[in-house]
Amino acid sequence: MIKITILKSILIIAASVLVLASCDKIDAPYIVPNTDPIEPEDTAACPVPKFPAVTAHYKRALIEDYTGHTCVNCPRAALITHDLKDKYQDSLVVVAVHAGFYAKPSTSDSVWAYDFRTPAGTEWDNFFKVGAVGNPNGMVSRKGYPNNQQVLSPPSWANAVKNTVSEAPLMDLQLITEYDSAKDKLCIHSKISFLQAFTERTLKISVIITEDSIIQAQKNNDVTVGTTPSILNYVHTHVMRGAVNGIWGTPVLLIPENSSFAPVVTTFQTHFTNFNLNTMVPKNCHVIAFVFDAETKEVLQVAEVQVVE
Amino acid sequence: MKTHLLTYATFLAALICIFPSLLQAQNSSIGSQVNGNFQMDAQYYRVDSAIGALPVPEKMQMNSWTNITYTSGDFNAGLRYETYLNPVNGYDPRYKGTGIPYWFVDYKTGKFQITAGHIYEQFGGGAIFRTYEEHNLGYDNALNGIRVKFTPAKGVELKGIYGTQRYFWDKGPGIVRGADADFNLKDWIPSLENSKLRVRIGGSFVSKYQADEEIYNSSQEKLMLPLNVAAGAGRIDLGYGNFGLNAEYAQKINDPNATNNFIYKKGESLLLTATYNQKGLGIILQAKRLDNMGFKSKRTETGNVLDIGYLPAITKQQTYTLAAVYPYATQPNNEMGMEAQVNYKIAKNTFLGGKYGTDIAVNFSAINSIVKELVNDTTLLDESGTLGYKSPFFKVGDTKYFRDFNIEIGHKFTKSFKLLFTYMYEEYNTAIIEGHIDDTVLVHANILVAEMTYKLSPEKALRLETQALLTQQDEGNWVMALLEYTVAPKWFVSVADQWNCGNEDTEKRFHYPLAAVAYNNDANRIQLSYGKQREGIVCVGGVCRNVPASNGFTLTITTSF
């Protein structure tokens, strides 16, 4: 009887240890360098240009297509984004975020060894749990996040885009880029012009770079899209290459009640080599900026321009 | 969320108010009962980069649920509290949260039974309607609405349901309505009353409504969507002496959806089951055809949620670890298959039966595709916005999905020693079942299992499982051994190890050890285990997700009262 009691106690103690073991003991140093540094705004290096006046304000939608080169069902989803982009033109911005299991490069086969993953894309995928739900899936303007309803299947993107672009815009967002190929320097200027007042809402702006026309192999199981089981010369589009101002962007401003509607102009400077992707072709690249609510993560406005016109 | 809280609060307040008055209203001899059960699975994770066990920021994750049911005569009410903070490895992350997703009230009065709240129900075999929950698989498609059961006469049961389905912590967008009628002819035809013949027939009808939405066929074309999708099914259950025959046929009208690539073809399913039973012998034969029968209450859904119909696999559910490495998953839109199972007991005191008899079970299942033919010369197979394909009903397709031949022999040698031997040959189509295409599409595997149980005393037993999975494809050969010591009814200890000894990549020949100890006390059980779990891939409806490997402790507590 005593032995049994001891065994029971051991089991209960072991269970308690399991709970108590869930702690993080941090040893000094308590302050470490930021591994995701953001270059300070440098208007001397990048003089702010004059933004043209905007006469028509409309809300644009952002599709984030979470994908991977070994995901056999993903080319069909990419086709949906192409159709939607054709239909909505400038009202829709598309990003193909290569992240998660199906974006991992192969270590044994050179055809699948390329890596489109980015630190920001991986972090977003972990945070929004898109890959954990499955690929292909995505988000439209990151709506539904606080309620765990942000992950949308590709066929439902169309309706979500339609609903998003029909909303009244809360702000206008303009982008101007200047690329100096000799210095490999890219200046990105954004201007947010508020059309409505917010109340105590923290806004952030994220700036990322995408690239089109990258030819690399892609797994595929849909004969209507291409050869199966692989399309060796698949043309990847909207591939996210990196985040310019950090994984979670930079604060816009905290707007007090009865804001004065003053426009906010922000300038970022970056270099293509910053992304450690020297193969990027500037003329195939786009800069995308989106303003989002820091708490709900909802993307309130998005804009896209080519790096080189 | 506020609305949910208000709903729960109102419901609980109503229960608190209603229960005492019901108790008073009931005949005191009927009495009342409260029953419940609880389960908690908590996992503590360690990083193991070798097997691919990634860091888990919260270190520990937990799933738990508590069911409470109140019964008083013909009145029932219940609820289930669930908490997933955060969902354990392998569960859909959309379960994250805490709340009461399930509650119901139910009463019988005369020939009526009324249920309001969340309902689990099935029409016939479930081909066009079944709601159920399976916690261990993370599945729950409960119908939130009403159910009316009406029994106008003996042998007749009519059922009607109306509601929406559970979608994690929310409801699906589609409204599901349906009715079912079941007739037991033995109660209707006097000549059958004393006959060996048993006849039961039934029919059901289900309709799903979902509001219109934008589904584009191209940038210039959008699909005309049916807002109401109907399905009907008929069934017959015949029995004569030891023979039984069951058939269920279902049909669904055009239902363009994400799982069928938005084609407009009608769907069909047929399941035939024949059985024969006598002492020492049981035979089951099954045949199935599924053609475009994925039926969900959200047309753009691709995940393992919101299913209206239930289409079970007609393959043997394997329980041994290595035998379950390649499990078949029903392909609701495209499969044709058969299964045969024979159970035979060689009698005691015979040459082969020995002193205690020998049990033999032979099982074979084969699943292929259906045949798909072009609708016309200008339409591709499965092209969205078209009829998709034509399919001759009785033709079996060429694509092999799954084969399983297995034989299980159980023999008790002495009063205290029993041996169970299993041999299994499997062919498994990774492209179809797992949705990923590698160089090898079809895995061929031979699996051997020997299970020996030795009773040391009436309370104490030792059980040893040795298993081997032999294949030249996928991850190559696996072996496993498990030793279990039970001191009935309180204690249970086991140690096991799986070893991927035949992996082509010698650096990936990992061991996956597992040790567990459990203590039972009446209806309460606490189990603590430590081990490594392999990574896996789950594919449903054209969406695949990776379940990462894990390494850590699992604490499971179950109780009931």
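Chains H and Z are the protein sequences, given in the same order.
Heads up: the first sequence at position 218 corresponds to 218 in our numbering, and the numbers run straight through without jumps.
Take any residue in the second sequence, note its place counting from 1, add 1000, and you have its number in our numbering.
Glycine is no exception: its CB is placed at the ideal position from the N, C-alpha and C atoms.
Note that the structure is a prediction, hence the values are computed from the model and not measured.
task: Work out the CA separation of N1141 of chain Z and Y1167 of chain Z for me, nearest whole Å.
output: 7 angstroms
Burial state of K1390 of chain Z (16 or more Cβ within 10 Å): exposed
- prompt: Going along the segment 1496-1520 of chain Z in order, which residues come within less than 8 angstroms of chain H, judged by CB to CB distance?
  reply: D1505, V1517, Y1519
message: Can you give me the C-alpha to C-alpha distance between V1547 of chain Z and G134 of chain H, rounded to a whole angstrom?
response: 10 angstroms
- prompt: What distance in whole Å lies between the Cβ atoms of I1308 of chain Z and K983 of chain Z, which are believed to be in contact at a cut-off of 8 angstroms?
  reply: Outside the shown range of chain Z (1001 to 1561) lies residue 983 of chain Z, about which nothing can therefore be said.
- prompt: Could one say the Cβ of R1545 of chain Z lies closer than 8 angstroms to chain H's Cβ atoms, at least one of them?
  reply: yes
- prompt: Pick from Z:I1346, Z:S1365, Z:N1144: whose alpha carbon is nearest that of Y1356 of chain Z?
  reply: Z:I1346
- prompt: Can you list, in chain order, the residues of its chain whose CB lies under 8 angstroms from that of V305 of chain H, leaving out five sequence neighbours each side?
  reply: L175, I176, T177, H286, V287
query: For F116 of chain H, does the three-state DSSP call read helix, strand or coil?
result: coil
Test item: CB-CB of R1525 of chain Z and T1558 of chain Z under 8 angstroms: yes
message: Can you confirm whether P155 of chain H, when its beta carbon is compared against all beta carbons of chain Z, has any partner nearer than 8 angstroms?
response: yes
- prompt: So what's F272 of chain H in DSSP terms, helix, strand or just coil?
  reply: helix
query: chain H beta carbons: is any one of them nearer than 8 angstroms to that of A1258 of chain Z?
result: yes
query: Between Y234 of chain H and the rest of its own chain, which residues show a CB-CB distance below 6 angstroms, the 5 nearest in sequence each way excluded?
result: Q218
task: Measuring only between beta-carbons, confirm whether K1208 of chain Z sits less than 8 angstroms from chain H.
output: no
Beta-carbon proximity list for F290 of chain H, same chain, < 6 angstroms, skipping 5 on both sides: L62, S206, V299, V302
- request: Give every residue of the same chain whose Cβ lies closer than 6 angstroms to the Cβ of A1468 of chain Z, excluding the five residues on either side of it in the sequence, and list them in chain order.
  value: L1448, V1479
query: Thinking C-beta only, is A1274 of chain Z closer than 8 angstroms to M1338 of chain Z?
result: no
message: By alpha-carbon positions, which one of Z:A1230, Z:Y1276, Z:F1075 ends up nearest to I1175 of chain Z?
response: Z:A1230
- prompt: Can the beta-carbon of G1552 of chain Z be found closer than 8 angstroms to that of Q1122 of chain Z?
  reply: no
- request: Could you name the residues of chain H that K1186 of chain Z contacts, counting a contact when the two beta carbons are closer than 8 angstroms?
  value: The premise fails here: K1186 of chain Z is roughly 47 angstroms from chain H at the closest Cβ pair, so nothing lies under 8 angstroms.
message: So with CB distances below 9 angstroms, who are the chain Z contacts of G131 of chain H?
response: R1545, N1546
- prompt: Does DSSP put S190 of chain H in a helix, in a strand, or in coil?
  reply: strand
task: For F272 of chain H, collect the residues of the same chain with a Cβ closer than 6 angstroms to its Cβ; drop the 5 residues on either side in sequence, then sort them by chain order.
output: D184, M280
task: Confirm, please, whether the CB-CB distance from I208 of chain H to E123 of chain H is below 8 angstroms.
output: no
query: Can I1284 of chain Z and M1336 of chain Z be called in contact, C-beta distance under 8 angstroms?
result: no
task: Consult DSSP for L1225 of chain Z and reduce its assignment to one of helix, strand or coil.
output: coil
- prompt: Within 10 angstroms of its Cβ, does V72 of chain H collect 16 or more other Cβ (buried), or is it exposed?
  reply: buried
- request: Throw me the rounded Cβ distance for the I214 of chain H and V239 of chain H pair, which I believe falls under 8 angstroms.
  value: 6 angstroms
- prompt: Helix, strand or coil for K104 of chain H per DSSP?
  reply: coil
- prompt: Looking at C-beta atoms only, is the number of pairs between the segment 114-128 of chain H and the segment 51-61 of chain H that lie closer than 8 angstroms three or more?
  reply: no
query: chain Z partners of A158 of chain H, CB-CB under 7 angstroms?
result: E1214, I1215, Y1216
message: Does H1118 of chain Z come out as helix, strand or coil in the three-state DSSP assignment?
response: strand
message: Quick check on the DSSP output: the alpha helix (DSSP H) that includes V133 of chain H runs from which residue to which?
response: 130-133
message: Just to confirm my understanding: we take P1087 of chain Z, look at its own chain, exclude 5 residues before and 5 after, and list those with CB closer than 7 angstroms. What are they?
response: Q1061, N1063, P1093, Y1095, K1096
message: On the DSSP letters alone, give me the boundaries of the alpha helix (DSSP H) that D83 of chain H sits inside.
response: 74-88
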